[in-house]
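Read through the structure below, which is laid out as structure tokens, and then see the notes.
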Amino acid sequence: MLFDSCAFWGHNEADLGTWRAARYNLGAPFFKEYRKKMGVSEPKEDWDDRNALYAPRYDLPLSAMFREEPKFRNMAMAEMQRLVDKYPNGYEGEDKLAVKTLKPKVSINEIIPQPTLETGTQIIRV
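In this text, residue positions in the sequence shown follow our numbering: the first is 6, and each later residue adds one.
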């Protein structure tokens, strides 16, 4: 028996979150075939936004692994900003429960990577 402590439930489009990035170059035909075989979760018109919501799960660990290369962090932050801009008041889920979008405390432009000597972490200037 195998126990996966990182298992989670997600829409079909969660499978494709990692492949959304241009670095994989799978293209529209791959996604179209996947949707044809696996189906599209309801509401179907939100498929792309849900897929975009799953993508940072893969881009952010790469950002941590390659701290000197900001492209992974920038991709994740830009996608999250796009979703916040598109849904500024949140959304209403299938269960009709409203989910509100929180206003960020800092803007993307205020985050300046600056490793500290003690921890190697980044400081956020506000």
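We put the beta carbon where it would ideally sit given N, CA and C, even for glycine.
Quick caveat, the model's predicted, so the values are computed rather than measured.
Please list the terminal residues of the continuous alpha helix (DSSP H) segment that includes residue i.
i          : result
residue 20 : Neither: residue 20 is in no alpha helix (DSSP H) and is coded neither H nor E.
residue 52 : 52 to 59
residue 32 : 32 to 43
residue 83 : 76 to 91
Rounded C-beta distance between residue i and residue j? I'm assuming under 8 Å.
i          : j          : result
residue 21 : residue 36 : 7 Å
residue 69 : residue 26 : That belief does not hold up - the Cβ atoms of residue 69 and residue 26 are roughly 16 Å apart, past 8 Å.
Closer than 8 Å, CB to CB, is residue i near chain D or not?
i          : result
residue 30 : Here there is only one protein chain, and chain D is not present.
Notebook entry, point to check: Is it a yes or a no for the region 30 to 46 touching the region 84 to 93, going by three-plus beta-carbon pairs under 8 Å?
Noted result: no
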